[in-house]
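Sequence order for the protein chains is A and B. Quick note on my numbering: the first sequence kicks off at 23 and runs consecutively. Quick note on my numbering: the second sequence kicks off at 606 and runs consecutively. Quick reminder that beta carbons are idealized off the backbone N, C-alpha and C, glycines included. Fair warning: this is a prediction, and the values are worked out from it, not measured in the lab. Taking it in order: structure first as structure tokens, then the write-up.
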Amino acid sequence: DSGVTQTPKHLITATGQRVTLRCSPRSGDLSVYWYQQSLDQGLQFLIQYYNGEERAKGNILERFSAQQFPDLHSELNLSSLELGDSALYFCASSDSSLYGYTFGSGTRLTVV
Amino acid sequence: AQTVTQSQPEMSVQEAETVTLSCTYDTSENNYYLFWYKQPPSRQMILVIRQEAYKQQNATENRFSVNFQKAAKSFSLKISDSQLGDTAMYFCAFILSNAGGTSYGKLTFGQGTILTVHP
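Right, here's the structure in full:
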């Protein structure tokens, strides 16, 4: 157990639908990062939150949004889903030190 | 913008032998951290080793060591005595830090190298 919890582990949904992925960071970590990994691809940075505020944004589609709540858990909302959104979505948390980058086990999203 | 390049899409090695995975990066900043992550077939991202840019000494974690060449912006990973469980995708990653050691910005990954260890 890395200390970063992602739910659900697997999600199958139809095109056009909306889903919410949840991430609970490691205790004490204020930063949460979201990454997308398509099949056999590298990790694409989507967005970062730090203590409730958006800190950095990557190639995140307008159909996607995220937020971090006062208890520091984060949610990634994906709407109007397309087949190409099928991927593994990772959450990572950090305490901004050298030692604090920890990944969750990911949510595998399949859009059919 | 920072970039990370892994020029070897795939590598293979015999069990018990040594293999080196290459990584180069590009930045104009002086303070940063470098990492190698392992992603086995389970797809879990596992931190293998980390290096602070200001440290000359190369990091070592058991069978894993790095060759950090700051001037050349190179950060290779050496795996000694390769084991079947080392079979995985390996990612090199980079993040900026300030002079106080606090990182900021995103963790930037290379495209990965698939390593296969053969018995």
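Just the chain A side, please: which residues come within less than 7 Å of residue i by C-beta, in chain order?
i, result
"R668 (chain B)", "What R668 (chain B) touches in chain A: nothing, since even the nearest Cβ is about 20 Å away."
"Y638 (chain B)", "L120"
"Y619 (chain B)", "Here residue 619 (chain B) is Gln; the residue named in the question, Tyr, does not match the sequence. Those within 7 Å of Q619 (chain B) in chain A number zero; the least Cβ separation is about 24 Å."
"G690 (chain B)", "In chain order: nothing, as chain A lies at least about 18 Å away."
"F699 (chain B)", "Within chain A, no residue comes near F699 (chain B); the closest Cβ sits about 11 Å away, beyond 7 Å."
"Q716 (chain B)", "G64"
"E657 (chain B)", "L120"
Buried or exposed: residue i, going by 16 or more other Cβ atoms within 10 Å of its Cβ?
i, result
"R643 (chain B)", "Note on residue identity: the sequence assigns Lys, not Arg, to residue 643 (chain B). So K643 (chain B) ends up on the buried side."
"P92 (chain A)", "exposed"
"K711 (chain B)", "buried"
"P724 (chain B)", "exposed"
"G106 (chain A)", "exposed"
"V54 (chain A)", "buried"
"T608 (chain B)", "exposed"
"L61 (chain A)", "exposed"
"Y630 (chain B)", "buried"
"Y659 (chain B)", "exposed"
"G38 (chain A)", "exposed"
"L720 (chain B)", "buried"
Please compile the residues from chain B whose C-beta is within a distance smaller than 8 Å of the C-beta of residue i.
i, result
"Y55 (chain A)", "K711, L712"
"A78 (chain A)", "G710, K711"
DSSP beta-bridge partners for residue i?
i, result
"T29 (chain A)", "A:R44"
"V133 (chain A)", "A:T35"
"L689 (chain B)", "According to DSSP, which records beta bridges pairwise, L689 (chain B) is partnered with nothing at all."
"I82 (chain A)", "Per DSSP, none; premise fails for I82 (chain A)."
"Q607 (chain B)", "For Q607 (chain B), which the question treats as bridged, DSSP gives no partner whatsoever."
At 7 Å on the CB atoms, spell out the chain B contacts of residue i, in chain order.
i, result
"Q70 (chain A)", "K711"
"F112 (chain A)", "M650"
"G25 (chain A)", "Under the 7 Å cutoff, chain B gives no residues; its nearest Cβ is about 12 Å from G25 (chain A)."
"G50 (chain A)", "Simply none; closest approach about 15 Å."
"S127 (chain A)", "Q649"
So is residue i in contact with chain D if we call contact Cβ pairs under 8 Å?
i, result
"F680 (chain B)", "No chain D appears in this structure, whose protein chains are A and B."
Starting from the beta carbon of residue i, find every residue of chain A whose beta carbon is closer than 9 Å, and list them in chain order.
i, result
"E634 (chain B)", "Those do not exist, as E634 (chain B) stays about 15 Å from chain A at its closest Cβ, beyond 9 Å."
"T707 (chain B)", "S118, S119"
Counting only Cβ pairs nearer than 9 Å, list the residues of chain B close to residue i.
i, result
"F67 (chain A)", "K711, L712, T713, F714"
Cβ closer than 8 Å: which chain A residues qualify as neighbours of residue i?
i, result
"F673 (chain B)", "Neighbours of F673 (chain B) on chain A: none; closest Cβ ~14 Å, over 8 Å."
Under 8 Å, with one C-beta from each stretch per pair, do the segment 612–625 of chain B and the segment 33–49 of chain A reach the 3-pair mark?
no
Say whether the segment 628–643 of chain B touches the segment 69–81 of chain A, bearing in mind that this needs 3 or more beta-carbon pairs closer than 8 Å, one atom from each stretch.
no
In chain order, each beta strand (DSSP E) run of at least 3 residues that lies wholly inside the segment 624–683 of chain B
624–626, 629–631, 637–644, 651–657, 669–674
Between the segment 93–110 of chain A and the segment 624–636 of chain B, can you find at least three pairs of beta-carbon atoms closer than 8 Å?
no
Are three or more beta carbon pairs between the segment 644–661 of chain B and the segment 120–127 of chain A nearer than 8 Å?
yes
Taking contact to mean 3 or more Cβ pairs, one atom from each stretch, closer than 8 Å, check whether the segment 115–123 of chain A and the segment 692–710 of chain B are in contact.
yes
Inside the segment 86–123 of chain A only - beta strand (DSSP E) runs reaching at least 3 residues:
86–90, 96–100, 109–116
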